[in-house]
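Residue 140 is where the sequence shown starts when you use this note's numbering, and the numbers rise one by one after that. From the three backbone atoms N, C-alpha and C, an ideal C-beta is built for every residue, glycine too. To keep things clear, I will list the structure first and then write my remarks on it.
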Amino acid sequence: MTDDRVIIFDTTLRDGEQSPGISLNTSEKLEIAQQLARLGVDVIEAGFPIASPGDFEAVQAIACQVEGPIIAGLARVHVGDIDAAYGAVRDAERPRIHTFVSTSDIHIEHQLASTREDVKGQARAAVAHARSLVDDVEFSPMDATRADAEYTAEVLQIALDEGATTINIPDTVGYTMPQEYAAFLGRLYELVPGLRDVVVSVHCHDDLGLAVANSFAGLQAGARQVECAINGIGERAGNASLEEIVMLLHTRAADIGLRTGVNTREIARTSRLISRLTGYPVQPNKAIVGRNAFAHESGIHQDGVLKERSTYEIMDATTVGLDANSLVLGKHSGRHALKSALQELGFEVSGQTLNTAFKRFKEIADKKKQVTALDLEALVTDELRDQLRSYTLERFAVEASTRRPPHATVELRTPDGDLARADFTGDGPVDAIFRAINAATKREARLREFRIDSVTGGQDALGEASVVLELAGQSAGGQGVSTDIIEAAALAYVRALSSAERRVLAAAEAPPAEAAEAELTPTP
Ligand code: KIV
Ligand code: ZN
C-alpha cells in the first residue's frame with residue numbers, strides 16, 4: 140500500500156457490539172459483515188471468539204462467507220483465546236489475530252493483579268503463538284494513553300521482535316487529547332524505530348467527544364490504520380465514527396493528502412442497517428448520517444443553497460448515498476418492477492423470498508400511496524431476516540380506549556406448526572400485545588428495550604419497531620415494519636422471542652466447559 144492510503148479497520152461487530160443492549164445473532168452479524176465488505180472497509184474485526192460459543196460461530200461464519208476484507212478475531216494474551224481466535228478466522232481468505240494486554244500501571248495492578256515483567260512475558264508468548272498460526276498479527280497495549288511511554292515502548296519492541304505486523308495504540312478510556320496523542324505516538328516512534336516498518340493503528344474512544352479528532356491527530360503523526368465503528372457505536376460513549384473519519388479524509392483530501400478504499404456511496408445504507416439491527420438510533424444532527432445532516436432550516440441558508448449549493452454545503456448528499464430515496468413504486472407495480480427496484484438497491488431476491496417480499500410489498504402498497512427505496516429496504520431486510528424455528532404472527536386484535544385497560548388477542552404459529560392463541564390486558568396497547576404473545580407462547584420473556592421510528596416522513600409512513608428482550612438469561616433483538624405501529628411492535632417482539640428461544644436452545648446444547656468459560660470471560 141502507498142503511504143497515503145489509510146486502512147479502515149471496522150470494529151462495529153466487536154467493540155460496537157459491546158454497547159449495552161446490543162445483541163446480534165449470527166445471521167445479523169453476517170448481514171452486517173457483507174454490507175461492510177460492500178462499503179469497502181479493509182479489515183472487519185468480527186468478534187471476540189472466546190467470549191461465547193455464539194461469538195465464535197459468528198466470527199467463523201463471517202470468515203468463511205465474507206470475501207474481500209481481512210477478517211480479524213480478538214484475543215487476550217492467553218493461549219485459549221488465541222487458539223479460539225485462530226479457530227474462528229482460519230478459513231478467511233486473509234485471517235488476522237488481534238491480541239491485547241494492558242500496559243498502564245492502573246490496569247496491571249488493579250485489573251490484571253500482575254507486574255510489568257509478567258505482562259512483557261505474556262505479550263511475548265502471545266504474539267509468538269499467534270504468529271505460529273497466522274502471518275497477520277496485530278498487538279494492542281490496552282490503556283496505552285495512560286501508560287508510561289518508555290514501558291509501553293519496551294512491550295511494543297517485544298511484540299515487533301515476535302513478528303507483530305500491526306501495532307495499535309488504544310485510547311481505551313477516551314482520555315487523551317489530539318496534541319497529546321500525536322506527541323505520544325511521536326515518542327513511541329522515537330523509542331521504537333521498528334514501528335516505521337509496520338502499520339501503526341489508532342483506536343480512540345469518545346468519552347470526551349474527541350475520538351475522531353484524536354484518531355485524525357494519530358494519522359497526522361504517522362499512523363495508517365484507524366479502528367472505528369459505524370455510527371460511532373461502541374463501549375460506553377463509543378468508538379471513533381467510521382463515516383466521520385472517512386468523510387473527513389474525503390472532503391479535505393486536497394489539504395490532508397490521505398485516502399481510504401471506502402465506497403462512500405454505501406455509507407448511508409450501512410448506517411441505516413446498523414441502526415436497524417442494533418436498535419441504536421442515530422441522533423438527527425449526527426455528522427454525515429443524521430437525518431438533518433444535509434437539511435437546511437433557516438431561511439438564509441435555504442436561500443443560499445437554492446442559489447448555489449456550495450454556499451452552505453461542504454459535501455454532496457449523493458456522495459454518502461443519500462439520494463437513494465428517489466426510486467418509487469406504487470400498488471400497480473408488478474413483481475418484475477419490484478425485483479429490479481430491489482436489484483438497484485443491491486438485493487438479489489428470487490424464488491420464494493421474492494414471493495414473500497412481493498406479498499408484503501402489495502400489503503404495504505395498498506395502505507401507502509408511494510413505496511420508496513427506504514421503505515423497500517426496511518421491508519426487505521425485515522422479511523429476509525425471518526429464520527427457521529420462528530414463531531409467526533397470524534392475527535391480532537387490540538382494543539384501546541380511555542374507558543377500559545387495553546386488551547390484546549393474538550394468534551401465533553409456533554415453530555412446530557401449531558396454532559397458539561391468548562389474550563391479555565396491559566398498561567397500554569403495546570404492553571397488552573407483548574403480554575398476550577408471552578401467554579400464547581407460554582414464555583416469560585422480559586422486555587429490555589423498545590423503540591419505534593418512522594422509515595420516511597409523511598402521514599402514511601411505515602413504522603419500524605425494534606425490541607430487545609430477555610428469555611432465560613439470553614437476550615435477543617428483533618425488528619418489525621408495518622404501516623400499523625402495533626403490528627410493527629408485535630412482529631418485532633415475535634422475532635426477538637424466536638431469536639432468544641434459539642439462543643436458549645443453543646446454550647443448552649453447548650458443552651458445559653464452553654458455557655462456563657463464556658460466563659467467566661470479561662469483555663475488553
Ligand atoms: O479500547 C480498547 O483498548 C480495545 C482493545 C481491545 C483494542 O478495544
Ligand atoms: Zn475499544
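Do you know offhand how far residue i's Cα is from residue j's?
{"i": "Asp300", "j": "Ala231", "result": "26 Å"}
{"i": "Ser243", "j": "Gln261", "result": "15 Å"}
{"i": "His342", "j": "Val180", "result": "15 Å"}
{"i": "Glu656", "j": "Ile189", "result": "Note that Glu656 scores a pLDDT of 44, beneath 50, so its modelled location is shaky; the value from the coordinates is reported in the next line. Going from the Cα of Glu656 to the Cα of Ile189 covers about 8 Å."}
{"i": "Pro651", "j": "Ala539", "result": "Because the pLDDT at Pro651 is just 47, under 50, the model does not fix this residue reliably, and the value given afterwards should be weighed accordingly. Those two C-alpha atoms are separated by around 47 Å."}
{"i": "Pro423", "j": "Ala432", "result": "7 Å"}
{"i": "Leu466", "j": "Cys203", "result": "34 Å"}
{"i": "Ala197", "j": "Lys168", "result": "7 Å"}
{"i": "Thr150", "j": "Leu551", "result": "38 Å"}
{"i": "Ala350", "j": "Arg363", "result": "16 Å"}
{"i": "Tyr632", "j": "Gly160", "result": "15 Å"}
{"i": "Thr660", "j": "Thr304", "result": "Only weak support is given to the placement of Thr660: the predicted model assigns it a pLDDT of 48, under 50, and the value that follows is read from those uncertain coordinates. Approximately 26 Å, taken between the alpha carbons."}
{"i": "Ile624", "j": "Arg582", "result": "23 Å"}
{"i": "Glu206", "j": "Arg326", "result": "37 Å"}
{"i": "Ala252", "j": "Leu347", "result": "28 Å"}
{"i": "Val510", "j": "Val337", "result": "50 Å"}
{"i": "Ser637", "j": "Glu626", "result": "16 Å"}
{"i": "Leu518", "j": "Asp505", "result": "14 Å"}
{"i": "Glu653", "j": "Pro317", "result": "Unreliable placement is indicated for Glu653, whose pLDDT of 44 sits below 50; the coordinate value is still reported in the next sentence. In a straight line, the C-alpha of Glu653 is about 42 Å away from that of Pro317."}
{"i": "Ser437", "j": "Gly597", "result": "21 Å"}
{"i": "Thr457", "j": "Thr531", "result": "38 Å"}
{"i": "Arg634", "j": "Ser529", "result": "7 Å"}
{"i": "Glu648", "j": "Ala227", "result": "19 Å"}
{"i": "Gly361", "j": "Tyr328", "result": "9 Å"}
{"i": "His344", "j": "Arg542", "result": "50 Å"}
Using a Cβ-Cβ cutoff of less than 7 Å, which residues in the same chain neighbour residue i once the five nearest sequence positions on both sides are dropped?
{"i": "Gln359", "result": "Ala321"}
{"i": "Ile395", "result": "Leu388"}
{"i": "Arg255", "result": "Ile247, Tyr290"}
{"i": "Arg585", "result": "Leu608, Glu609"}
{"i": "Val218", "result": "His268"}
{"i": "Ser410", "result": "Ile369, Asn370, Glu382, Val421, Val428"}
{"i": "Ile146", "result": "Asp181, Val182, Val338, Arg363, Gln364"}
{"i": "Lys478", "result": "Val488, Leu493"}
{"i": "Asp220", "result": "Ile189, Ala214"}
Leaving aside the five residues before and after residue i along the sequence, list all residues of the same chain whose C-beta is less than 6 Å from its C-beta, in chain order.
{"i": "Thr548", "result": "Ala536, Asp562"}
{"i": "Val240", "result": "Val216, Val258, Gln261, Ala262"}
{"i": "Ser271", "result": "none"}
{"i": "Val488", "result": "Leu481, Ala496"}
{"i": "Met386", "result": "Ile427"}
{"i": "Glu658", "result": "Confidence at Glu658 is low in this model, with a pLDDT of 39, below 50, so the placement of that residue should be treated as unreliable; the coordinate-derived value is given next. Excluding positions up to five away in sequence, the list is empty."}
{"i": "Leu330", "result": "Ala292"}
{"i": "Gly333", "result": "Leu299"}
{"i": "Gly302", "result": "Arg270"}
Return the Cβ separation of residue i and residue j in integer angstroms, given the expectation that the two are a contact with Cβ distance under 8 Å.
{"i": "His435", "j": "Val428", "result": "Between Val428 and His435 the Cβ distance is about 17 Å, and since that is not below 8 Å, they are no contact."}
{"i": "Phe148", "j": "Glu170", "result": "Contact flag wrong, Cβ pair sits at about 20 Å."}
{"i": "Asn376", "j": "Ser354", "result": "Note that residue 376 corresponds to Ala in the displayed sequence, not to Asn. The Cβ separation is near 14 Å, so there is no contact."}
{"i": "His237", "j": "Ser279", "result": "7 Å"}
{"i": "Ala200", "j": "Ala214", "result": "Between Ala214 and Ala200 the Cβ distance is about 18 Å, and since that is not below 8 Å, they are no contact."}
{"i": "Gly619", "j": "Ala628", "result": "7 Å"}
{"i": "Ile306", "j": "Val273", "result": "The pair is not a contact, with the Cβ atoms about 16 Å apart (cut-off 8 Å)."}
{"i": "Ile406", "j": "Ile372", "result": "No, Ile406 and Ile372 are not in contact; Cβ-Cβ is about 15 Å, not under 8 Å."}
{"i": "Arg235", "j": "Ala211", "result": "4 Å"}
{"i": "Thr403", "j": "Ile453", "result": "Between Ile453 and Thr403 the Cβ distance is about 14 Å, and since that is not below 8 Å, they are no contact."}
{"i": "Asp287", "j": "Arg233", "result": "About 34 Å; that fails the 8 Å criterion."}
Just to confirm my understanding: we take residue i, look at its own chain, exclude 5 residues before and 5 after, and list those with CB closer than 8 Å. What are they?
{"i": "Gly193", "result": "Asn164, Thr165, Arg642, Ala645"}
{"i": "Ala283", "result": "Thr242, Ser243, Thr291, Ile308, Pro309, Asp310, Thr311, Phe323"}
{"i": "Pro88", "result": "With the chain running from 140 to 663 in the structure shown, residue 88 is simply not present."}
{"i": "Ile245", "result": "Asp282, Arg285"}
{"i": "Val459", "result": "Glu382, Met386, Thr403, Arg404, Ile406, Ala407, Ile427, Val428"}
{"i": "Ala392", "result": "Arg398"}
{"i": "Arg144", "result": "Arg363, Leu397, Arg398, Thr399, Gly400"}
Contact the segment 367-379 vs the segment 148-155: 3+ CB pairs below 8 Å
By the Cβ criterion, the segment 367-379 is in contact with the segment 148-155, since at least three pairs of Cβ atoms, one from each stretch, lie closer than 8 Å.
Sequence ranges, alpha helix (DSSP H) only - wholly within the segment 358-405, length at least 4
With a minimum length of 4 residues, the continuous alpha helix (DSSP H) runs that stay inside the segment 358-405 are 381-390, 392-395.
How about the segment 551-568 and the segment 598-611: do they share at least three Cβ pairs that are nearer than 8 Å?
These segments do not touch.
Does the structure place the segment 490-500 close enough to the segment 466-479 that three or more beta carbon pairs sit under 8 Å?
Verdict: yes, contact present.
Note down, one range per segment and in chain order, each alpha helix (DSSP H) of at least 4 residues found wholly within the segment 395-456.
Contiguous alpha helix (DSSP H) elements confined to the segment 395-456 occur at 406-417, 438-446, taking only those with 4 or more residues.
Does the count of Cβ pairs from the segment 407-424 and the segment 586-594 closer than 8 Å reach three?
As far as the Cβ criterion goes, the segment 407-424 touches the segment 586-594, which means the pair count is three or higher.
Within the segment 170-257, note down every full alpha helix (DSSP H) run reaching 4 residues or more, in order along the chain.
Here the runs fully enclosed are 192-204, 218-228.
Residue ranges of each alpha helix (DSSP H) run of no fewer than 4 residues wholly in the segment 601-656, ordered along the chain?
624-648, all fully within the segment 601-656.
What are the start and end residues of each continuous alpha helix (DSSP H) run of 4 or more residues lying completely inside the segment 309-352, in chain order?
Correct list: 317-330.
Minimum length 4: unbroken alpha helix (DSSP H) runs contained in the segment 515-583
Runs found: 568-580.
What ranges does the beta strand (DSSP E) occupy inside the segment 256-282, keeping only unbroken runs of at least 3 residues that lie completely in it?
Complete beta strand (DSSP E) runs here, min 3: 276-281.
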